[in-house]
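Q: Right, I'll just put the structure down here and ask away after.
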Amino acid sequence: MIGAAQLLGALLKLTARPRLEAISACAQARTRRVFRFAYEGIHQDLIQESVSITVTVLHRRRIGIAGTDTLDLPSLRRCVQAAAGIAEHSPTQDQLPEWPRRGRVKMTADYQPATMRLSAAACVTSLKRLFQLCKGAGADLAGSFLTGDDELAVANSAGLSAYSALTVSGAKLVTMYGKLSGYASGVHRDVRRLDLDSLLTRSLGQSLHRTDPVTLPLGPYDVILEPEAVADLVGWLSFTAFGAKSVQERSSFLAGRADEPLMDPRVTIYDDGNDPEALRMPFDFEGVPKQRVVFIDRGRAKGPVYDSIYGARFGQASTGHAMPPGDTEGPIPLHLAIAPGQQTLAGMIKSCRRGLLIPRFHYVNGLLNPREALMTGLTREGVFLIERGKLTRPVTTMRFTQSLLSALRRVLGISRERRLIADPSQDLGCSLMPALHLAHFEFTGRQES
Amino acid sequence: MPNRPLPRHLITQLVRDLARRGVDYADVRYEHVEHENLVAEQGRVASISRHDSAGVGVRVLLKGSWGFASTSLLDRASLAKAASQAIGLAKASNLLNRAPRPLAHVVPRRATHTSRYSIDPFDVPLAKKLDYLLWANTELLGPDAVKRATSHMDFHKRRKLLCSTDGADIEQLLIESGAGCEVVVQQGDEVQVRSFPNSHHGALAQAGYEYVKQLDLVGGAKTAQQEALALLRAKPPKAGDTTLILAPTQVVMQLHESCGHPTELDRALGQELSYAGGSFLTPDRLGTFQYGSPAVNIVADATIHGGVGSFGFDDEGVPAQRVDLVRQGRFVGYLSSRESAARIHQPASGGAMRAESWSVPPLIRMTNVNLEPGEASLSQLLSGVKHGYLLSTNKSWSIDDRRLNFQFTTEIAWEIEHGALGAVVKNPLYTGITPAFWGRCTGVGRPEDWQLWGIPNCAKGEPMQLMHVGHGASYARFDGVMVAPAK
Numbered sequence: 001m002i003g004a005a006q007l008l009g010a011l012l013k014l015t016a017r018p019r020l021e022a023i024s025a026c027a028q029a030r031t032r033r034v035f036r037f038a039y040e041g042i043h044q045d046l047i048q049e050s051v052s053i054t055v056t057v058l059h060r061r062r063i064g065i066a067g068t069d070t071l072d073l074p075s076l077r078r079c080v081q082a083a084a085g086i087a088e089h090s091p092t093q094d095q096l097p098e099w100p101r102r103g104r105v106k107m108t109a110d111y112q113p114a115t116m117r118l119s120a121a122a123c124v125t126s127l128k129r130l131f132q133l134c135k136g137a138g139a140d141l142a143g144s145f146l147t148g149d150d151e152l153a154v155a156n157s158a159g160l161s162a163y164s165a166l167t168v169s170g171a172k173l174v175t176m177y178g179k180l181s182g183y184a185s186g187v188h189r190d191v192r193r194l195d196l197d198s199l200l201t202r203s204l205g206q207s208l209h210r211t212d213p214v215t216l217p218l219g220p221y222d223v224i225l226e227p228e229a230v231a232d233l234v235g236w237l238s239f240t241a242f243g244a245k246s247v248q249e250r251s252s253f254l255a256g257r258a259d260e261p262l263m264d265p266r267v268t269i270y271d272d273g274n275d276p277e278a279l280r281m282p283f284d285f286e287g288v289p290k291q292r293v294v295f296i297d298r299g300r301a302k303g304p305v306y307d308s309i310y311g312a313r314f315g316q317a318s319t320g321h322a323m324p325p326g327d328t329e330g331p332i333p334l335h336l337a338i339a340p341g342q343q344t345l346a347g348m349i350k351s352c353r354r355g356l357l358i359p360r361f362h363y364v365n366g367l368l369n370p371r372e373a374l375m376t377g378l379t380r381e382g383v384f385l386i387e388r389g390k391l392t393r394p395v396t397t398m399r400f401t402q403s404l405l406s407a408l409r410r411v412l413g414i415s416r417e418r419r420l421i422a423d424p425s426q427d428l429g430c431s432l433m434p435a436l437h438l439a440h441f442e443f444t445g446r447q448e449s
Numbered sequence: 001m002p003n004r005p006l007p008r009h010l011i012t013q014l015v016r017d018l019a020r021r022g023v024d025y026a027d028v029r030y031e032h033v034e035h036e037n038l039v040a041e042q043g044r045v046a047s048i049s050r051h052d053s054a055g056v057g058v059r060v061l062l063k064g065s066w067g068f069a070s071t072s073l074l075d076r077a078s079l080a081k082a083a084s085q086a087i088g089l090a091k092a093s094n095l096l097n098r099a100p101r102p103l104a105h106v107v108p109r110r111a112t113h114t115s116r117y118s119i120d121p122f123d124v125p126l127a128k129k130l131d132y133l134l135w136a137n138t139e140l141l142g143p144d145a146v147k148r149a150t151s152h153m154d155f156h157k158r159r160k161l162l163c164s165t166d167g168a169d170i171e172q173l174l175i176e177s178g179a180g181c182e183v184v185v186q187q188g189d190e191v192q193v194r195s196f197p198n199s200h201h202g203a204l205a206q207a208g209y210e211y212v213k214q215l216d217l218v219g220g221a222k223t224a225q226q227e228a229l230a231l232l233r234a235k236p237p238k239a240g241d242t243t244l245i246l247a248p249t250q251v252v253m254q255l256h257e258s259c260g261h262p263t264e265l266d267r268a269l270g271q272e273l274s275y276a277g278g279s280f281l282t283p284d285r286l287g288t289f290q291y292g293s294p295a296v297n298i299v300a301d302a303t304i305h306g307g308v309g310s311f312g313f314d315d316e317g318v319p320a321q322r323v324d325l326v327r328q329g330r331f332v333g334y335l336s337s338r339e340s341a342a343r344i345h346q347p348a349s350g351g352a353m354r355a356e357s358w359s360v361p362p363l364i365r366m367t368n369v370n371l372e373p374g375e376a377s378l379s380q381l382l383s384g385v386k387h388g389y390l391l392s393t394n395k396s397w398s399i400d401d402r403r404l405n406f407q408f409t410t411e412i413a414w415e416i417e418h419g420a421l422g423a424v425v426k427n428p429l430y431t432g433i434t435p436a437f438w439g440r441c442t443g444v445g446r447p448e449d450w451q452l453w454g455i456p457n458c459a460k461g462e463p464m465q466l467m468h469v470g471h472g473a474s475y476a477r478f479d480g481v482m483v484a485p486a487k
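Note that the protein sequences, when read in sequence, are chains A and B. Just so we're aligned, residue 1 is where the first sequence starts under my numbering, counting upward by one. Just so we're aligned, residue 1 is where the second sequence starts under my numbering, counting upward by one.
The structure is reproduced here in structure tokens:
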């Protein structure tokens, strides 16, 4: 952890009393300690400590952006000079970002020192135990285990200084037994609450079966999607539907459909970067406080998220969803959630006459036809056929091609329990998802060797 | 930003220190990367950004366990701390690891390598680059149906110094340039996209600014706009098995997903199971498995000029090579590293270890995975096709965790009727199983139509590393492929 004093201190040296019209500086710092393992042991381990500073300069209605990966002052000053040089050569802009004025934010409540104090030897000792349990069950083990922290700081020449820090720990476990494999992942800001044993139990539960997986005919199936599978699908909507840019270019299914009933009335989808259950991020990369934004309110289409540039284009205030300066994808929600329902996962399975239980998807792509949220992807480990309310046989890999918009009109149930889904080794943000029971989910292909 | 001096003295001193600390092997890699990104939208400059990153990564092997740590602080204390962290991780992993981890032999080299370029893109005045970018962007605009017009340029300069306890001392300078346009059009509920010269920032080459000048962005932008508008009026393909001709812009994505990834030896050995998945090309199939038809010859070539997967030496100091992956349809080789090559008793690494930056360790990555050209012209490939489609420019991609069942859509297709190209077709989707699909390859285009593209965002590893990889291909024809409309 670099800490608020050093991180903000460096930024404030750049933004105080600028010779230029205005400056905003944003710093993202990250630490990750990762162990990756497969079969016989750990094949990769690393400590990654990185910091990335981006400086945005406004000068005579011109913008310049430059970045560097070090906090040393001469480099930061060179970075400001580079941004000013770019601004000098840039054309004047009609729309300029409106940065927040004055104010201090400091959020460190989600920083759990225990996560960072866990020694490398303690991590490996935990993994050794998992390997022993797996071996005892006759299964092989692969996966990853990480701990780390994330810091975000934003300061600008209008007097803003904002800082947040959180810790994160996560594990992914793949267990293999004969022709079957199982998978479980978990994430928590406090490594002491990351329950590796229960993850292993969940993964082994999917893989320790005597029956070989069955290959099913293609076509529509009722599906029960566990929270990670739901996140794999709904996460794509962050990029293709819920940002103002996709609405502006009309590729979003929200565009031109305000208040229309697009999904089952039980479905509410929103973004909330301040939810204490999530990996919180109280402000965005412009320093704007994050607002809760509802995209689908009891089935009806609502608005997208904005940053200051797209907010100005739509005549709206920023909702606090700006991405790092220089990113051209527009505002994006990073903390998606679906409101909980009334059912339990066990109850959903019991109520299903014939269907599939799907823990997660693989390689989902949501670019096929974003206007209809048409997506494709594949099942991976742990899929089971449900017959008359019971899990009967494991199922081989299948491909779906399905409009998510249509699928979310055919909701049979939403679970009360939600799970925090995040992959802190890959992506920013997280999601909070329930399990969904959907009718007639279309499967169009299968894995064959 | 001015070029920074190489911290050679610090690096070589650290390598000596690591050797004294009893590691079995260590390498220290300094990298300084500059990236410039220019974006124009709707006839205006939307973003100009430059990023500058420098640091050192330390990798050690100690009693069969790796450890890696990095720092952006180029002083003795910070480098020593990174070295201690790397050794500490390796020692911790030794609590679990029992097996030795031999490395395939490589002759340590003292060498320098500079990629070929004529005009350093960072020396070209910003105003000149923006003029060209805006000109191309303006060509995309006009009709009301145009909802977004985007043009971009990207330039990368990477300076590296790798020193190892084996005695390697390798300095490299790699320069990349790229550009492209994308237009989104809409009418009612119909939204279409068309890119030039390739989608996903695929026009990226290991070259100087001369590459951007030769792309003809302005002419291409006009064509992209017209084709996008034509797509609004086009019909979708008929569903069913048919003949497919893939343009080079789509063959490269097919190569990437269904050949490049499954021939990564770390995947085949299970080391990516927690993220990207495994591979159907397991070591027991090496040399015997029929991957495709005899027309299919695929190489991983890190020596080719212009490919963004080219280099002088990989990040383990192994010289760039041209490795056969598929020869006359048979699976014959892997992308490999020193460790993985030794695991399957290969005499030497295939030289495919690359890291995204100084802050992460190298992984086995694609270099330039190319389909070697055949002899047929496009008209020869078309002739005899009663009905089928020519598909161009990737739009979406998906493949299973063992790299067998794939599904792609492209931005555009043209109907083929009795050997001639006909109407534009929208929303084409095709799907198949990798060896069956390549097994139905009935023709590969000639060298004159062979094109080399870049993919700048190949994701792998934990933490995720985005790598620039290259792919070259000509047209290719496949019979009996399932095609459907993406709806």
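Built from N, CA and C at the ideal position, the CB exists for glycine as well.
1) Roughly how far, in whole angstroms, is the beta-carbon of Val154 (chain A) from the beta-carbon of Ala422 (chain A), given that I think they are within contact range, below 8 angstroms?
2) Once you ignore the five residues that flank Pro261 (chain A) on each side, which residues in its own chain have a CB closer than 7 angstroms to its CB?
3) Which residues in the same chain have their Cβ closer than 7 angstroms to the Cβ of Val492 (chain B), if we skip the five residues on either side of it in sequence?
4) Is the CB of Ser458 (chain A) under 8 angstroms away from at least one CB in chain B?
5) Between the C-alpha atoms of Val252 (chain B) and Val288 (chain A), what's the straight-line distance to the nearest angstrom?
6) May I ask you to report which of helix, strand or coil DSSP gives Tyr209 (chain B)?
7) Excluding sequence positions up to five away, which residues of its chain have a Cβ less than 6 angstroms from the Cβ of Tyr39 (chain A)?
8) Distance check for Ile358 (chain A) and Phe437 (chain B), CA to CA, integer angstroms please.
9) Going straight from the alpha carbon of Ala109 (chain A) to that of Glu49 (chain A), what length do you get?
10) Return the residue from the list B:Arg267, B:Thr288, B:Phe289 that minimises the CA-CA distance to Ser279 (chain B).
11) Which residues in chain B sit within 8 angstroms of Asp45 (chain A), going by Cβ to Cβ distance?
12) For a cutoff of 8 angstroms on Cβ pairs, would you count His362 (chain A) as touching chain B?
13) Comparing alpha-carbon positions, which option in B:Ala46, B:Pro102, B:Asp120 lies nearest His152 (chain B)?
14) May I ask whether a heavy atom of the ligand SAH can be found less than 7 angstroms away from the beta carbon of Met1 (chain A)?
15) Along the stretch 390-414 of chain B, where does the CB come closer than 7 angstroms to a CB of chain A? Name the residues.
16) Considering only C-alpha positions, which residue in the set A:Asp271, A:Thr211, A:Asn369, A:Ala162 is nearest to Leu453 (chain A)?
17) Verify the CB distance criterion: does Arg19 (chain A) have a CB-CB separation below 8 angstroms to chain E?
18) Count the other C-beta atoms from every protein chain shown that fall within 10 angstroms of the C-beta of Thr175 (chain A), then say buried if there are 16 or more, exposed otherwise.
19) Using only the alpha-carbon positions, how far apart do Ala341 (chain B) and Pro347 (chain B) sit?
20) Going by alpha carbons, who is nearest to Ala295 (chain B) out of B:Val308, B:Leu244, B:Leu371?
21) Does DSSP classify Tyr117 (chain B) as helix, strand or coil?
22) Among residues of its own chain, excluding the 5 on either side of Arg402 (chain B), which ones have a beta-carbon nearer than 8 angstroms to its beta-carbon?
23) Going by beta carbon distance, what residues of the same chain come within less than 8 angstroms of Ser70 (chain B), once the five residues before and after it are set aside?
24) With the cut-off set at 8 angstroms, would you say Gln93 (chain A) and Arg62 (chain A) are in Cβ contact?
25) Mapping DSSP to helix, strand and coil, what is Met1 (chain A)?
26) Taking the alpha-carbon of Leu429 (chain B) as reference, which of A:Leu73, A:Leu432, A:Leu428, A:Leu374 has the nearest alpha-carbon?
27) Determine, using beta carbons only, whether Thr396 (chain A) and Gln447 (chain A) come nearer to each other than 8 angstroms.
28) With a CB to CB cut of under 8 angstroms and the five nearest residues on each side skipped, what residues in its chain are close to Gly208 (chain B)?
29) I want to verify the contact list: residues of chain A whose CB lies under 8 angstroms from the CB of Ala99 (chain B), in sequence order.
30) Leaving out five residues on either side along the sequence, give the residues of the same chain with a beta carbon under 7 angstroms from the beta carbon of Val407 (chain A).
31) So, at 6 angstroms on beta carbons, what are the nonlocal neighbours of Ile399 (chain B) in its own chain, with the 5 sequence-adjacent residues on each side left out?
32) Nearest-angstrom Cα distance between Pro100 (chain A) and Asp297 (chain A)?
33) In chain B, which residues lie with their C-beta within 9 angstroms of the C-beta of Phe131 (chain A)?
34) With H, G and I counted as helix, E and B as strand and the rest as coil, what does DSSP make of Gln303 (chain B)?
35) Using a cut-off of 9 angstroms between C-beta atoms, extract the partners of Lys128 (chain A) located in chain B.
36) Skipping 5 residues on each side, what residues in its chain have a beta carbon closer than 6 angstroms to that of Gly170 (chain A)?
A: Per the coordinate set shown:
1) As a position in the first sequence, residue 154 (chain A) is number 154, starting the count at 1. As a position in the first sequence, residue 422 (chain A) is number 422, starting the count at 1. So it is not a contact: roughly 22 angstroms between Cβ atoms.
2) Locating residue 261 (chain A) in the first sequence gives position 261, where the first residue counts as 1. Cβ within range, chain order: Gly299, Arg300.
3) Nothing in the structure corresponds to residue 492 (chain B), since chain B is present only between 1 and 487.
4) Here chain A has residues from 1 to 449 only, and residue 458 (chain A) is not among them.
5) One-based indexing of the second sequence puts residue 252 (chain B) at position 252. One-based indexing of the first sequence puts residue 288 (chain A) at position 288. Going by the C-alpha atoms only, they are around 41 angstroms apart.
6) Along the second sequence, read from residue 1 onward, the residue named residue 209 (chain B) stands at position 209. Helix.
7) Here the question's residue 39 (chain A) lines up with position 39 in the first sequence. Excluding positions up to five away in sequence, the list reads Asp140.
8) On the second sequence, residue 437 (chain B) is found 437 positions in, with the first residue counted as 1. On the first sequence, residue 358 (chain A) is found 358 positions in, with the first residue counted as 1. Whole-angstrom Cα-Cα distance: 28 angstroms.
9) As a working mapping, residue 109 (chain A) is identified with position 109 in the first sequence. As a working mapping, residue 49 (chain A) is identified with position 49 in the first sequence. Cα-Cα distance, rounded: 21 angstroms.
10) Position 279 of the second sequence, counting from 1, holds the residue named residue 279 (chain B). Considering only alpha carbons, the answer is B:Arg267.
11) Walking along the first sequence from the start, residue 45 (chain A) turns up at place 45. The answer, in chain order, is Ser65, Trp66, Gly67, Phe68, Leu89, Ala90, Ala92, Ser93.
12) Against the first sequence, residue 362 (chain A) aligns to sequence position 362. It does: the Cβ of His362 (chain A) has a partner Cβ on chain B nearer than 8 angstroms.
13) Taking the second sequence and counting its residues from 1, one reaches residue 152 (chain B) at position 152. Of the listed residues, the one whose Cα sits closest to His152 (chain B) is B:Ala46.
14) The ligand SAH is absent from the structure shown, which contains no ligand whatsoever.
15) Lys395, Ser396, Trp397, Ser398, Ile399, Asp400, Asp401, Arg402, Leu404, Asn405, Gln407, Thr409
16) The requested residue 453 (chain A) does not occur in the structure, where chain A is confined to residues 1 to 449.
17) You won't find chain E in this structure, because its protein chains are A and B.
18) Reading the first sequence from its first residue, position 175 is the one you call residue 175 (chain A). By the 10 Å Cβ count, Thr175 (chain A) comes out buried.
19) The residue labelled residue 341 (chain B) in the question sits at position 341 within the second sequence. The residue labelled residue 347 (chain B) in the question sits at position 347 within the second sequence. So the alpha carbons of these two residues sit roughly 7 angstroms apart.
20) Counting from 1 along the second sequence, the entry for residue 295 (chain B) is found at position 295. Among B:Val308, B:Leu244, B:Leu371, the Cα nearest to that of Ala295 (chain B) is on B:Leu371.
21) Residue 117 (chain B) sits at position 117 when you count from the first residue of the second sequence. Coil.
22) Residue mapping note: residue 402 (chain B) aligns to position 402 of the second sequence, counting from 1. Counting only Cβ-Cβ distances below 8 angstroms, and skipping sequence neighbours, we find Pro262, Gly277, Gly278, Ser279, Phe280.
23) Numbered from its first residue, the second sequence carries residue 70 (chain B) at position 70. Gly55, Val56, Gly57, Val58, Ala82, Trp358, Ser359, Val360.
24) What you label residue 93 (chain A) is simply residue 93 of the first sequence in a count that begins at 1. What you label residue 62 (chain A) is simply residue 62 of the first sequence in a count that begins at 1. Yes.
25) Here residue 1 (chain A) refers to the residue found at position 1 when the first sequence is read from its first residue. Three-state result, Met1 (chain A): coil.
26) Residue numbering aside, residue 429 (chain B) sits at position 429 when the second sequence is read from its first letter. Of A:Leu73, A:Leu432, A:Leu428, A:Leu374, the residue nearest in Cα terms is A:Leu374.
27) Counted from its first residue, the first sequence places residue 396 (chain A) at position 396. Counted from its first residue, the first sequence places residue 447 (chain A) at position 447. A Cβ-Cβ contact shorter than 8 angstroms links Thr396 (chain A) with Gln447 (chain A).
28) What you label residue 208 (chain B) is simply residue 208 of the second sequence in a count that begins at 1. Same-chain partners within the cutoff: Tyr117, Ser118, Ile119, Asp120, Pro121, Ile175, Ser177.
29) Walking along the second sequence from the start, residue 99 (chain B) turns up at place 99. Ala99 (chain B) reaches chain A at Glu40, Gly41, counting residues in chain order whose Cβ is nearer than 8 angstroms.
30) What you label residue 407 (chain A) is simply residue 407 of the first sequence in a count that begins at 1. For the record, residue 407 (chain A) in the displayed sequence is Ala; it is not Val. Cβ within range, chain order: Leu438, Phe441.
31) Your numbering for residue 399 (chain B) matches position 399 in the second sequence. Excluding positions up to five away in sequence, the list reads Glu257, Phe406.
32) What you label residue 100 (chain A) is simply residue 100 of the first sequence in a count that begins at 1. What you label residue 297 (chain A) is simply residue 297 of the first sequence in a count that begins at 1. Each residue's alpha carbon lies about 29 angstroms from the other.
33) On the first sequence, position 131 is the one that residue 131 (chain A) refers to. Those are Leu96, listed as they occur along chain B.
34) The residue labelled residue 303 (chain B) in the question sits at position 303 within the second sequence. In the sequence as displayed, the identity of residue 303 (chain B) is Thr instead of Gln. Three-state result, Thr303 (chain B): coil.
35) Position 128 of the first sequence, counted from the start, is the residue given in the question as residue 128 (chain A). Leu95, Leu96, listed in chain order.
36) Translated into positions along the first sequence, residue 170 (chain A) becomes position 170. Excluding sequence neighbours, Gly170 (chain A) sits near Leu146, Val187, Pro424.
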